[in-house]
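Some notes on the structure that comes next.
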Amino acid sequence: MQSPEEYEITERVNALVKGLKKRRGYTKKDISQKLGIGLTTFNDYLNGVSSFKLGTLIKFAALCKLTLPDILDDTQEAKKLYSEDLADRANAGKNTLDFLVFVILIPTVLGAFTIQWVFLAILILLLFYARKDLNSQSLSLVYIVVMVPFYLMFIPIEEYIYPNYSGFIQNIAAFSLAISSDLCLLYLLKNKMQLGIRLRKSNFSVLLEKNYIEGPLYGVTVGLLCVDLLAFLENIIRHLDKLGISKEFAKQFWKVRFIYDHFEYFKIFLMALILVLLFVGTRIRQRQHRLAMGESRLGMNT
Numbered sequence: 002m003q004s005p006e007e008y009e010i011t012e013r014v015n016a017l018v019k020g021l022k023k024r025r026g027y028t029k030k031d032i033s034q035k036l037g038i039g040l041t042t043f044n045d046y047l048n049g050v051s052s053f054k055l056g057t058l059i060k061f062a063a064l065c066k067l068t069l070p071d072i073l074d075d076t077q078e079a080k081k082l083y084s085e086d087l088a089d090r091a092n093a094g095k096n097t098l099d100f101l102v103f104v105i106l107i108p109t110v111l112g113a114f115t116i117q118w119v120f121l122a123i124l125i126l127l128l129f130y131a132r133k134d135l136n137s138q139s140l141s142l143v144y145i146v147v148m149v150p151f152y153l154m155f156i157p158i159e160e161y162i163y164p165n166y167s168g169f170i171q172n173i174a175a176f177s178l179a180i181s182s183d184l185c186l187l188y189l190l191k192n193k194m195q196l197g198i199r200l201r202k203s204n205f206s207v208l209l210e211k212n213y214i215e216g217p218l219y220g221v222t223v224g225l226l227c228v229d230l231l232a233f234l235e236n237i238i239r240h241l242d243k244l245g246i247s248k249e250f251a252k253q254f255w256k257v258r259f260i261y262d263h264f265e266y267f268k269i270f271l272m273a274l275i276l277v278l279l280f281v282g283t284r285i286r287q288r289q290h291r292l293a294m295g296e297s298r299l300g301m302n303t
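The sequence shown begins at 2 in my numbering and counts up by one.
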């Protein structure tokens, strides 16, 4: 077995092997022959079963037109030979950061009403971005199928309830609708696999694959529910006199409005986090798929 340091070097060698395959057409068999070792031994090295011999590493570096320190120190010269899949890994963090900055900057230039439609538009874009991955698409679709009815149902509240009723009733209606949508989101996220099976599509098995962002997404959605519930309860506490409590007692709670005053900020932050998680999850699965395809092609050529 290899030590952690040796395994790290093996990862780089694997990356270079894929790079040699892509750029020069070398198969594992070709490389092992040029190194003067058997294919089984070479596969044992690449799979971490046994450790690379120093002489083999030197020969491999020469085959890549590199020096041994290039591989050991993971220099820029070595990275130039990595396959595009490995280059994507290096760029993934930068792309995610760019997307995060974009999502965070949206609230600074748009009004609250416009933001919700922009978030919906980004969700639709993420749906198309993950067009080759039904698993990632299903997560974006969960939010879309809940948010669209929510936004449409909110229009009558703005048109009829806001102009004709007190702030207490307005908030009751708005927060109740928001809580209902949060519960729908949680139900769909929790039962996504079962719903996928009931669809009986030929490729429904993709929905059963593990997606690393499902847990964090569920947690952030619980956060949305908590914000809406607290805002709902705060609204009741602030208007206890409307529920028959004496005005003298109720007025001490009239200034309880922390959640109400910061409601939009909480919601925008959590929604932005959801978008970032969906983007990151899609990127991870795309990279895993490309690596799996690359390994499959290499296996067929050995």
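Cβ coordinates follow ideal geometry from the N, Cα and C atoms, glycine included.
> For the alpha helix (DSSP H) that contains Ser-167, what are its first and last residues?
Replying inline: Per DSSP, Ser-167 lies in no alpha helix (DSSP H) segment and is marked neither H nor E.
>> So, with DSSP's three-state summary, where would you put Lys-191?
In response: Three-state result, Lys-191: helix.
> Should Phe-280 and Leu-82 be called a contact, given that it needs their Cβ atoms to be closer than 8 Å?
Replying inline: The Cβ atoms of Phe-280 and Leu-82 do not sit closer than 8 Å to each other.
>> Please identify the residue among Lys-191, Ala-175, Lys-268 whose C-alpha is closest to the C-alpha of Leu-153.
In response: It is Ala-175.
> Which residue from Thr-283, Arg-288, Leu-276 puts its Cα closest to that of Val-119?
Replying inline: Of the candidates Thr-283, Arg-288, Leu-276, the one whose C-alpha sits nearest the C-alpha of Val-119 is Leu-276.
> Can you give the Cα-Cα distance for Lys-30 and Lys-22, rounded to whole angstroms?
Replying inline: Distance from the CA of Lys-30 to the CA of Lys-22, rounded to the nearest whole angstrom, comes to 11 Å.
>> According to DSSP, simplified to helix, strand and coil, what is Phe-53?
In response: Reduced to three states, the DSSP call for Phe-53 is coil.
>> Three or more C-beta pairs under 8 Å: does that hold for the stretch 146 to 162 against the stretch 211 to 222?
In response: Inter-segment contact for the stretch 146 to 162 and the stretch 211 to 222 is absent: fewer than three beta-carbon pairs are separated by less than 8 Å.
> Cβ of Met-148 within 7 Å of any heavy atom in the ligand NAP?
Replying inline: The ligand NAP is absent from the structure shown, which contains no ligands of any kind.
>> I'd like the list of long-range same chain contacts for Gln-138, defined as Cβ closer than 6 Å, with 5 residues on each side in sequence excluded.
In response: Taken in chain order, the residues that qualify are Leu-128, Ala-131.
> Is Val-72 near Ile-10, with beta carbons less than 8 Å apart?
Replying inline: One point to set straight first is that residue 72 is Ile, not Val, in the sequence displayed. Cβ distance < 8 Å, so Ile-72 and Ile-10 count as in contact.
>> What does the Cβ neighbour count give for His-240, buried or exposed, with the cut at 16 atoms within 10 Å?
In response: Only buried fits His-240, as 16 or more other CB atoms lie within 10 angstroms of its CB.
> Per DSSP, what kind of secondary structure is Leu-263 in: helix, strand or coil?
Replying inline: Reading off the sequence, residue 263 comes out as His, not Leu. Of the three classes helix, strand and coil, the one that applies to His-263 here is helix, per DSSP.
> Candidates Lys-248, Leu-189, Lys-252: which alpha carbon is nearest Leu-142's?
Replying inline: Per the Cα distances, Leu-189.
> What did DSSP end up calling Ile-38 once you bin it into helix, strand or coil?
Replying inline: Here Ile-38 sits in coil by DSSP.
> Do the stretch 218 to 225 and the stretch 245 to 262 meet, that is, are 3 or more Cβ pairs less than 8 Å apart?
Replying inline: They do not touch, by the three-pair rule.
> Starting from Ser-4 and walking both ways along the alpha helix (DSSP H), at which residues does that stretch end?
Replying inline: Taken as a continuous stretch (DSSP letters only), Ser-4 belongs to no alpha helix (DSSP H), as it is neither H nor E.
> Where does Leu-186 land, buried or exposed, given buried means 16+ other C-beta within 10 angstroms?
Replying inline: Counting Cβ neighbours within 10 Å, Leu-186 comes out buried, since at least 16 surround it.
> Looking at C-alpha atoms only, which residue of Asp-45, Glu-235, Gly-26 is the closest neighbour of Glu-12?
Replying inline: Considering only alpha carbons, the answer is Asp-45.
> Closest to Phe-254 by CA distance: which of Phe-270, Gly-245, Lys-268, Glu-235 is it?
Replying inline: Selected option, being the one with the closest Cα: Glu-235.
> Going along the chain, which residues of its own chain have a beta-carbon closer than 8 Å to the beta-carbon of Val-149, five neighbours each way excluded?
Replying inline: Only residues of its own chain outside the window of five on either side were considered, and among them Leu-121 have a CB closer than 8 Å to the CB of Val-149, listed in chain order.
> Would you call Ser-177 buried or exposed, if buried means 16 or more other Cβ atoms sit within 10 Å of its Cβ?
Replying inline: A residue is called buried when at least 16 other Cβ atoms come within 10 angstroms of its Cβ; Ser-177 does not meet this threshold and is exposed.
> From which residue to which residue does the alpha helix (DSSP H) around Arg-239 run?
Replying inline: 215 to 239 is the span of the alpha helix (DSSP H), which, as asked, contains Arg-239.
>> DSSP three-state label for Ile-156, please.
In response: Under the three-state reduction of DSSP, Ile-156 is assigned to helix.
>> If distances are taken between C-alpha atoms only, which option among Lys-256, Ala-16, Ile-269 comes closest to Leu-225?
In response: For the residues Lys-256, Ala-16, Ile-269, the minimum Cα distance to Leu-225 belongs to Ile-269.
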